[in-house]
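Visitor:
Protein chains in written order, with this note's numbering: chain A, 902 to 998; chain B, 150 to 711.
Here it is in C-alpha cells:
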C-alpha cells in the first residue's frame with residue numbers, strides 16, 4: 902500500500918473512532934450521569950428514563966457501538982483491500998522468537 | 150437432595166471438566182504458553198475474555214453493592230462495560246497487529262527503552278498480583294460457606310486446580326477452561342435471576358422484569374416504585390435517586406473505564422486471535438457475553454432488595470426461615486433486638502436499626518431468600534468458583550509471562566533457549582500461585598481495598614501510554630516514561646494519603662475537588678497525558694524504525710511477524 906493510501910485509511914479510521922466515541926461519551930457520561938435527573942422526568946413503563954439509561958440502556962448502546970465499529974472497519978478494510986484471511990494461514994506455522 | 154449434596158455434585162463435575170480440558174490442551178511451545186498458539190477463534194476468545202474479566206467481585210459482590218447503592222451503583226455497571234468500547238476501538242486491533250506476547254513487550258518496543266519495559270513489568274505485576282489475591286480469597290469464602298470446609302482447605306483446593314491447568318496448559322489451557330467457566334458462571338447467574346423474575350413479576354426476562362409490575366402476591370405496582378416507596382418509608386435513601394455528587398460519579402465511572410481498558414490480563418487475550426479482524430470481532434463477542442450478566446445484575450439487585458425488606462422487616466425473629474439462621478452463623482447477617490420486642494426492625498436510622506446485612510449475601514443467599522429449589526441454590530457456588538478461578542488463572546499468566554518473557558528473555562537473559570524460557574514461565578506461575586494462595590489464606594487488611602484501586606492505577610499508568618503509543622507517532626520514550634511515573638505516583642499517593650496516612654480527611658470536604666480515591670485514577674490519567682506531552686515537546690522525536698512500527702500497526706493485514 903502506498904503512503905498516501907495508508908494516510909487516507911488512517912484518517913477514515915480516526916473519523917470512525919471519534920464519531921463512535923462521541924456517542925459513547927454522550928450516552929454514558931451525558932445521559933447516564935450529567936443529565937440523569939432531567940431525563941428521570943420522562944417515564945417509560947416502570948422505568949425513569951435517566952435511571953434506566955444509567956443502569957441498563959448505556960450497556961446496550963455500548964454493544965451496538967462495538968458492532969457498528971466492526972461493520973464500518975470491515976467495509977473500510979475491503980475498500981483498501983486489506984484482506985486478512987491469507988495472513989491467518991501464513992502465521993500459524995511460524996515459530997516464536 | 151440437600152443443598153450441600155447438590156453443591157458437591159456441581160463443584161465436582163465442573164472441576165472434573167476443567168482438569169479434563171487442561172490435560173487435552175497442554176502447551177508445547179512458548180507461543181502456545183503465552184498466546185495459545187495465536188489461533189483462538191473469536192467466539193471462544195470472547196467467552197474466555199468475559200470469564201477472564203468477570204471475577205469473584207462481579208459475580209458475588211456487584212449486585213449486592215448495587216442493591217445498597219441504588220442509582221449510584223451505576224458507576225460499576227457503566228464503568229466495567231464502557232471500558233470495552235475503549236478497548237475495542239483504541240487498543241485491541243492495533244495491539245493484535247503489533248503481535249507480541251505481553252503489554253510490557255509493546256511498551257518496551259514502542260518506546261525503545263528497557264526502562265519503559267521494566268516500569269511496565271512493575272505495573273503489570275503489582276496490578277495483577279493484588280487482583281489475584283482477592284480471587285483466591287473469594288474462592289476460599291465460597292468453599293467455606295457452601296461446602297463447610299475451612300477457608301484454608303478451600304483456598305488450597307482452588308490453588309491446586311488453577312495450578313494444574315495453568316502450569317500444564319499456559320494460555321492454551323487457560324483459554325479453553327475459561328470458555329467452560331464462562332458457560333458455568335453465566336448459567337449459574339442467570340437461572341436464579343430468571344426464577345426470581347418469574348416469581349416476582351411473572352416475566353421470565355430479568356432485564357424486563359426490572360421495569361415491570363409486581364404480581365399480586367408481592368403487592369402489585371411497579372417494582373421500582375415499590376422499592377422507592379418502602380425505602381423512603383423505612384428511612385433509607387430513595388433507590389432510583391443518586392446520593393453521591395455528580396462529579397464523583399463521573400470520575401469514578403471514567404477511572405473504571407480507563408482501568409478496564411488498561412488491565413494487562415484483559416489486553417493479552419486479544420493477542421491470542423489469528424488477525425486484526427478477529428481481534429475486533431472477539432471484542433464484540435466479549436462485550437455481549439459480559440453485557441448479559443451486567444444488564445441482569447441491576448435487576449437482581451432490585452429484586453433482592455425488595456425481597457429482603459419484605460421478608461425481614463417487622464417480622465418475628467423466631468419465625469424467620471432456615472436461611473436466616475444459616476447465614477447468621479457466618480456473620481453475614483446479624484440481628485440485635487435493641488427494643489426487645491422480638492421483631493426485626495430493618496430501618497435507615499442507625500440508632501434503631503436492628504439488622505446488619507453483608508452485601509455479598511444479596512447474590513449468595515438470594516435464591517434461598519426467594520425459596521428456590523435446592524439445585525438452584527447449589528449452582529451459585531459452582532458459578533462463583535468459576536468466576537474466581539478463571540480470573541485468577543488469567544492474572545497468574547500475566548505475572549508468569551512478565552517474569553519469564555519480559556524480565557528474563559527480553560531484559561536480562563536474552564540467550565536462554567525457548568525450552569528454558571518455558572520452564573521459567575512454569576516456575577513463575579508455580580511461585581505466583583503459592584504466594585497468592587498464602588495471601589488468600591492470611592489476607593492483610595488492605596487487599597480488598599487495593600483490588601478496587603488497581604483500576605485507578607492501571608488507568609493512570611498503562612492506558613495513556615498505550616493509546617499515545619498508537620495514536621501519536623511523535624510520542625517518545627522520555628514523554629511516555631515521565632507520564633507513566635507521574636500518573637502512577639500521583640494516583641497511588643492520593644489513595645495512600647486518604648486511606649492510610651490521613652483517613653480522617655477521607656470525606657467529600659477533604660477530597661480534591663470532591664473526587665474520592667476511587668475516582669482519582671481519572672485525574673491520574675490526565676496528569677499522565679499532560680506530563681507526557683510536555684516532556685515529549687522538549688525531547689527528540691523517536692527514531693525512524695520506531696515510527697515505522699507505529700505506521701505498521703495502524704494498518705491491518707499484511708505481514709504479521711511475531
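Glycine is no exception: its CB is placed at the ideal position from the N, C-alpha and C atoms.
All figures in this text were calculated on a predicted structure; none of them were measured in a lab.
Mind checking the stretch 549 to 560 of chain B against chain A and listing, in chain order, the residues whose C-beta falls within less than 9 Å of any C-beta there?
Guide: none
Visitor: Just to make sure I have the definition right: I need the residues of chain A whose C-beta is within less than 7 Å of the C-beta of residue 413 of chain B. Which are they?
Guide: Chain A residues near residue 413 of chain B: none, gap ~19 Å exceeds 7 Å.
Visitor: Can you look up residue 623 of chain B in the DSSP assignment and give me helix, strand or coil?
Guide: Coil at residue 623 of chain B, not helix or strand.
Visitor: Can you give me the C-alpha to C-alpha distance between residue 269 of chain B and residue 196 of chain B, rounded to a whole angstrom?
Guide: 27 Å
Visitor: Could you tell me whether the stretch 542 to 561 of chain B touches the stretch 338 to 346 of chain B, using the rule of 3 or more Cβ pairs below 8 Å?
Guide: At 8 Å Cβ cutoff, the stretches do not touch.
Visitor: Would you say residue 447 of chain B reaches chain A, if we count a Cβ-Cβ gap shorter than 8 Å as a contact?
Guide: yes
Visitor: If you draw a straight line from the C-alpha of residue 461 of chain B to the C-alpha of residue 509 of chain B, how long is it?
Guide: 17 Å
Visitor: I'd like to know if the stretch 256 to 274 of chain B and the stretch 434 to 448 of chain B are in contact, where contact means that at least 3 CB-CB pairs between them fall below 8 Å.
Guide: They do not touch, by the three-pair rule.
Visitor: Run through DSSP, which three-state label would residue 393 of chain B get?
Guide: coil
Visitor: Taking C-alpha atoms, which residue in B:472, B:233, B:179 and B:703 lies nearest to residue 403 of chain B?
Guide: B:233
Visitor: Give me the Cβ distance between residue 524 of chain B and residue 155 of chain B, rounded to the nearest whole Å; I'm assuming they're in contact under 8 Å.
Guide: 5 Å
Visitor: So what does DSSP say about residue 159 of chain B, is it helix, strand or coil?
Guide: It is helical.
Visitor: Are at least three pairs of beta-carbons, each pair with one atom in the stretch 620 to 634 of chain B and one in the stretch 283 to 302 of chain B, less than 8 Å apart?
Guide: no
Visitor: When we look at the beta-carbon of residue 470 of chain B and count the other beta-carbons within 10 Å, is it buried (16 or more) or exposed?
Guide: Exposed, because fewer than 16 other Cβ atoms sit within 10 Å of the Cβ of residue 470 of chain B.
Visitor: For residue 550 of chain B, tell me which candidate among B:580, B:591 and B:410 has the shortest Cα-Cα distance.
Guide: B:580
Visitor: At a Cβ threshold of 8 Å, is residue 268 of chain B touching chain A?
Guide: no
Visitor: Alpha carbon to alpha carbon, how far is residue 603 of chain B from residue 180 of chain B? Give it in angstroms, no decimals.
Guide: 28 Å
Visitor: Per DSSP, which one or two residues make a beta bridge with residue 944 of chain A?
Guide: A:949
Visitor: Spatial neighbours of residue 373 of chain B within its chain, please: CB distance less than 8 Å, with the 5 preceding and 5 following residues excluded, ordered by chain position.
Guide: 359, 360, 388, 389 and 451
Visitor: Determine the chain A residues that contact residue 437 of chain B at a beta-carbon separation under 7 Å, and present them in chain order.
Guide: 964
Visitor: So what does residue 483 of chain B bridge to, in DSSP terms?
Guide: BP columns for residue 483 of chain B point to B:505.
Visitor: Would you say residue 433 of chain B lies against chain A (beta-carbon separation less than 8 Å)?
Guide: For residue 433 of chain B, the nearest CB of chain A lies under 8 Å from its own CB, placing it at the interface with that chain.
Visitor: Using a Cβ-Cβ distance under 8 Å, would residue 949 of chain A count as near chain E?
Guide: Here the protein chains are A and B, and chain E is not one of them.
Visitor: Please classify residue 946 of chain A as buried or exposed, where buried requires at least 16 other C-beta atoms within 10 Å of its C-beta.
Guide: exposed
Visitor: Please list the residues of the stretch 199 to 223 of chain B that have a C-beta atom closer than 7 Å to any C-beta atom in chain A, keeping them in chain order.
Guide: 220 and 223
Visitor: Among B:683, B:612, B:169 and B:222, which has the Cα closest to the Cα of residue 408 of chain B?
Guide: B:612
Visitor: Does the beta carbon of residue 330 of chain B sit closer than 8 Å to a beta carbon anywhere in chain A?
Guide: Not one chain A Cβ lies under 8 Å of residue 330 of chain B.
Visitor: Would you please verify whether the beta carbon of residue 191 of chain B is less than 8 Å from any beta carbon of chain A?
Guide: no
Visitor: With residue 573 of chain B and residue 552 of chain B assumed to form a contact (beta carbons below 8 Å), what rounded beta-carbon distance in angstroms separates them?
Guide: 7 Å
Visitor: Counting only beta-carbon separations shorter than 8 Å, does residue 393 of chain B have a partner in chain A?
Guide: Not one beta carbon of chain A lies nearer than 8 Å to the beta carbon of residue 393 of chain B.
Visitor: Within 10 Å of its beta-carbon, does residue 642 of chain B have 16 or more other beta-carbons around it, so buried, or fewer, so exposed?
Guide: exposed
Visitor: In the DSSP assignment, find the unbroken alpha helix (DSSP H) run with residue 421 of chain B in it and report its ends.
Guide: Annotation for residue 421 of chain B: no alpha helix (DSSP H) segment contains it, and DSSP assigns it neither H nor E.
Visitor: Output the distance between the C-alpha atoms of residue 230 of chain B and residue 177 of chain B, rounded to the nearest integer angstrom.
Guide: 35 Å
Visitor: Which class does residue 362 of chain B belong to by DSSP, given the choice of helix, strand or coil?
Guide: Per DSSP, reduced to three states, the secondary structure at residue 362 of chain B is strand.
Visitor: Whose C-alpha, out of B:182, B:218 and B:303, is nearest the C-alpha of residue 591 of chain B?
Guide: B:303
Visitor: Just tell me which of B:300, B:477, B:199 and B:520 has its CA closest to the CA of residue 349 of chain B.
Guide: B:520
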